[in-house]
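Residue numbers (full-length UniProt numbering): 1 to 234.
Quick reminder that beta carbons are idealized off the backbone N, C-alpha and C, glycines included.
Scroll down for the structure; my scribbles are underneath it.
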């Protein structure tokens, strides 16, 4: 079952409830025919960045506005909040393992930051990564013409930022490792390679070879115990 289908399944059940008893029934009925991949994709993709019940309704509200759903502002707000709640519930149900890993990474970063240490790890390629988030101190410089303000890093780490940034930064380091390994492999086979984030390009005549390389190099990093390595190397 796809993620959008899971969201739709929950809303279909809610739409059958008695509106006199279940307050979200009307919201569900408004949305049943509008649930698709585009409606929930942004919230699903940004869940790793910690988007929750504040940011998610805004994301879904924008999608509904694009569709000219005919809802007034109050209906749009209530419907968006309901859709966000269902979307995040579906995430918890379908990706429990991933959510548990995300929580573990956050908890791990919290412990490290509590010792006033930045979170750091080493990728499969051997690249050391250090999260640079430290508290800033404001310095005021008075001159004969004006007063200037500058900010400098202190020795104190930003504990909250260290914690919330670790899961997405760690995932980006995995994606970056895959891209580098794929690029090197393509060069060895004489393929031209270009890429942005997770979109990789080559000439049309070489697409099949690139497809093979991308899949081989995606598996390779995970043949090592990635999370155990984080535990031992942090």
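- With 16 or more other Cβ atoms inside 10 Å of its own Cβ, residue 24 counts as buried.
- Ranking 187, 7, 211 and 198 by CA distance to the CA of residue 93 puts 7 first.
- Here DSSP, grouped into helix, strand and coil, assigns residue 151 to strand.
- Apart from sequence neighbours up to five positions away, the residues of its chain that approach residue 18 with a beta-carbon distance below 8 Å are 25, ordered along the chain.
- In this structure, residue 157 places its C-beta atom within 8 Å of the C-beta atom of residue 133.
- Residue pairing by DSSP places residue 199 opposite 196 in a beta bridge.
- The C-alpha of residue 56 is placed about 5 Å away from the C-alpha of residue 84.
- DSSP places residue 128 inside the beta strand (DSSP E), whose first and last residues are 128-130.
- The Cβ atoms of residue 118 and residue 162 sit closer than 8 Å to each other.
- Within the segment 28-111, complete alpha helix (DSSP H) segments of at least 4 residues are found at 37-45, 55-66 and 73-94, given in chain order.
- Taking the Cα of residue 29 as reference, the smallest distance to any Cα among 42, 67, 75 and 61 is reached at 75.
- Within a 10 Å sphere around the beta-carbon of residue 217 sit 16 or more other beta-carbons, which makes this residue buried.
- Here residue 60 is buried, its C-beta having at least 16 other C-beta atoms within 10 Å.
- The three-state reading of DSSP puts residue 21 in coil, since its state is none of H, G, I, E or B.
- Rounded to the nearest whole angstrom, the C-alpha separation of residue 79 and residue 206 is 47 Å.
- Between the alpha carbons of residue 182 and residue 87 lies a distance of about 33 Å.
- Under a 10 Å Cβ-count criterion, residue 227 is classified as exposed, with fewer than 16 other Cβ atoms of the shown protein chains found around its own Cβ.
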